[in-house]
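The letter at position 96 of the sequence shown is residue 193 when you use our numbering, and the numbering goes up by one with no holes.
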Amino acid sequence: MNNNQVQEIELQPDPARIVNGLRDTGYNFNTAIADIVDNSIAAKATRVDINIVMNPKLEVAVYIADNGIGMDYNGLQNAMKYGSKERSEKKSLGKFGLGLKTASTAFCKQLSVLSRNAADSEIIKVQWDLDYISRVGSWKLRIVEASADELDLFDETANNCSGTLVVWDKIDRLLKDYKSNSAAKKALDKKIDELKFHIAMVFQRFLDENDNRAENVEIRVNGEKIEAWDPFCVKEQKTSLLQRETVPVEIGDEGNFSFDVAAYVIPRKSEFSSKEAADKARGNNDFQGFYVYRENRLIHFGDWLGFFTKEPHYSLLRVEFSFGQELDELLNVDIKKSRILLISELSDYLNRFLNAPRREAQKRYREGQTSDIHKPGKSAHDSSNSTIEAKGAEVQESRLTPTGKPNEALVENSNGSFTKKITIGNAESPKQCRVVPVETIDGNALWEPALIDGKNAVRINEGHDFYKKVYGPILSKGVVVEGLDDLLWALAEAENSTCNQATIENYEEMRYMVSRILRKLVADLPDPALDEN
Numbered sequence: 098m099n100n101n102q103v104q105e106i107e108l109q110p111d112p113a114r115i116v117n118g119l120r121d122t123g124y125n126f127n128t129a130i131a132d133i134v135d136n137s138i139a140a141k142a143t144r145v146d147i148n149i150v151m152n153p154k155l156e157v158a159v160y161i162a163d164n165g166i167g168m169d170y171n172g173l174q175n176a177m178k179y180g181s182k183e184r185s186e187k188k189s190l191g192k193f194g195l196g197l198k199t200a201s202t203a204f205c206k207q208l209s210v211l212s213r214n215a216a217d218s219e220i221i222k223v224q225w226d227l228d229y230i231s232r233v234g235s236w237k238l239r240i241v242e243a244s245a246d247e248l249d250l251f252d253e254t255a256n257n258c259s260g261t262l263v264v265w266d267k268i269d270r271l272l273k274d275y276k277s278n279s280a281a282k283k284a285l286d287k288k289i290d291e292l293k294f295h296i297a298m299v300f301q302r303f304l305d306e307n308d309n310r311a312e313n314v315e316i317r318v319n320g321e322k323i324e325a326w327d328p329f330c331v332k333e334q335k336t337s338l339l340q341r342e343t344v345p346v347e348i349g350d351e352g353n354f355s356f357d358v359a360a361y362v363i364p365r366k367s368e369f370s371s372k373e374a375a376d377k378a379r380g381n382n383d384f385q386g387f388y389v390y391r392e393n394r395l396i397h398f399g400d401w402l403g404f405f406t407k408e409p410h411y412s413l414l415r416v417e418f419s420f421g422q423e424l425d426e427l428l429n430v431d432i433k434k435s436r437i438l439l440i441s442e443l444s445d446y447l448n449r450f451l452n453a454p455r456r457e458a459q460k461r462y463r464e465g466q467t468s469d470i471h472k473p474g475k476s477a478h479d480s481s482n483s484t485i486e487a488k489g490a491e492v493q494e495s496r497l498t499p500t501g502k503p504n505e506a507l508v509e510n511s512n513g514s515f516t517k518k519i520t521i522g523n524a525e526s527p528k529q530c531r532v533v534p535v536e537t538i539d540g541n542a543l544w545e546p547a548l549i550d551g552k553n554a555v556r557i558n559e560g561h562d563f564y565k566k567v568y569g570p571i572l573s574k575g576v577v578v579e580g581l582d583d584l585l586w587a588l589a590e591a592e593n594s595t596c597n598q599a600t601i602e603n604y605e606e607m608r609y610m611v612s613r614i615l616r617k618l619v620a621d622l623p624d625p626a627l628d629e630n
């Protein structure tokens, strides 16, 4: 053989080994569906309908329909090709021509796509069947007839115009084998609920009609319209935008681009405008960290990109990182478009950027400080009122009912029912019905049980030396105030829950004695100047 001559032979990969090997590219159910929804958005869809159904044989099928521009026969062939041609729309997530196939076959063995690109065009259906490919040993894309149900689903979304329907059949990797219908249905319902939230989070900017950064898209899952989920809680009054920067990036001959980064501290649970808002915010460790957006679509969230580990002191800190497709190579966006790898210069910048927000998040977590809680007075107890109101029903073991006589209630607890004297009143505001600071209490007690707006409450004596010298200096520190309030409310509730007719006076005397002891213990503490705090 001539040493300068190169021989070539063509080696065709085994189709069955390839398609089955590509089933394991790391997708989970949520990210797989989201990738297909992104295809719909890239096709300029304004509506996407996702239907997930289970038949009596416990077989699951998934249908994802849109009213986008659709495809003709050649377009369908290209879309179904492993390693399809690069899209002209650079902003889409279709970087490698694999997403539709690998996302779908991660869960199903039969992938069908129906499409048409005009109202007067015929709907064409093509199909990859992994069992068929294995049987014939060849890349045989099947052209099959659409079912009546598929045509109905198609037109329900496309409204007799252009559109696309993706169908998953022979789903074998979504649920384990269940013996009972109820268990299988429960497991599927859980998957669907998790998917709804994932879509609300990932496509937030598309779903929010008031967000002008992305074109609006309506997405429904089994008929339910998905509402946007905002991780930064920007509509909450006590959310703080700590820092925002637009950072220029120069990429060789390609030009000048930029990315945006912003740090938010969300309210503590008790500081939200409502319990519903607090629950929706998911203010726990799992949701702290970076939220990385590529072309307005969330591709990564819930960690610190390797800068530091998640821990409770950062649970209120969430950082937005947004970039365009021009930075894909710089950020090493992976095949699933689900993570980025930071170059050293960017890592150094973000590390510096995070210093101040981290300190503020730690401070907010430890002290419960917010922008408007620094003034002393009744507002300092709003957080504890909110917390006790949210959890009171779970921990109360007594029931108090006014008898109609002045400051008298029927007490019902584990010891039976009886009447006792107790302060009954109305709250100055709805947020002050559990912990009520007052100017004085009979006998100069620090606290006493009360019934305010029909709810078990505690009144706290602002005139007591303990309140002046211990509460006073820390009225701006929400966590500490809330802890003291919780303690006094718990003591009042424990009294209501454990006393009986014979021990009422004993509990009252105990309160007076504790109050006298505390007054002596704090006698040598300095008198605070509240206006300096």
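Note that the Cβ used here is the ideal one computed from N, Cα and C, for glycine as well.
Alpha-carbon to alpha-carbon, residue j and residue i
i: G234; j: L304; result: 43 Å
i: A280; j: S514; result: 44 Å
i: I296; j: I138; result: 13 Å
i: A524; j: T595; result: 26 Å
i: E505; j: I519; result: 6 Å
i: E423; j: L195; result: 20 Å
i: V157; j: V150; result: 6 Å
i: P409; j: D121; result: 34 Å
i: S468; j: F450; result: For S468, the predicted model reports a pLDDT of 40, less than 50, meaning its position is unreliable; a value from the coordinates is still stated below. S468 and F450: Cα-Cα distance of roughly 22 Å.
i: E312; j: N482; result: 41 Å
i: D562; j: L572; result: 15 Å
i: I130; j: K198; result: 12 Å
i: G575; j: D550; result: 24 Å
i: F398; j: I323; result: 19 Å
i: Q334; j: S370; result: 8 Å
i: S355; j: D308; result: 20 Å
Burial state of residue i, where buried means 16 or more other Cβ atoms lie within 10 Å
i: E368; result: buried
i: S259; result: buried
i: F405; result: exposed
i: Q207; result: buried
i: A216; result: exposed
i: P454; result: buried
i: R114; result: exposed
i: S480; result: buried
i: V264; result: buried
i: D111; result: exposed
i: A245; result: exposed
i: L227; result: buried
i: D327; result: buried
i: D503; result: Note that residue 503 is Pro in the sequence shown here, rather than Asp. Counting Cβ neighbours within 10 Å, P503 comes out exposed, since fewer than 16 surround it.
i: D290; result: exposed
i: P570; result: buried
i: T498; result: exposed
i: Q102; result: exposed
i: M177; result: buried
i: K273; result: exposed
i: P153; result: exposed
i: M607; result: exposed
First and last residue of the uninterrupted beta strand (DSSP E) at residue i
i: E545; result: 544 to 549
i: A158; result: 157 to 163
i: D217; result: Neither: D217 is in no beta strand (DSSP E) and is coded neither H nor E.
i: S181; result: Counting along the chain, S181 falls outside any beta strand (DSSP E), and DSSP gives it neither H nor E.
Boundaries of the alpha helix (DSSP H) in which residue i is found, first to last residue
i: E105; result: Here E105 belongs to no alpha helix (DSSP H), and DSSP marks it neither H nor E.
i: H295; result: 278 to 299
i: E606; result: 601 to 618
i: G580; result: 575 to 595
i: R365; result: Looking at the DSSP string, R365 is not in any alpha helix (DSSP H), and its letter there is neither H nor E.
i: Q174; result: 170 to 177
Nearest-angstrom Cβ-Cβ length linking residue i and residue j, presumed shorter than 8 Å
i: L285; j: T202; result: At roughly 20 Å, the Cβ-Cβ gap does not stay under 8 Å, so L285 and T202 are not in contact.
i: I220; j: L173; result: So it is not a contact: roughly 11 Å between Cβ atoms.
i: E536; j: G560; result: 6 Å
i: L238; j: W225; result: 6 Å
i: N553; j: Q493; result: 6 Å
i: N382; j: S412; result: 5 Å
Segment contact flag, the stretch 304 to 319 with the stretch 140 to 153, C-beta cutoff 8 Å, min 3 pairs: yes
The stretch 387 to 395 / the stretch 333 to 345 touching (three or more Cβ pairs under 8 Å): no
At least three beta-carbon pairs within less than 8 Å, the stretch 455 to 464 to the stretch 528 to 538: no
The stretch 436 to 448 touching the stretch 399 to 417, judged by at least three CB pairs closer than 8 Å: yes
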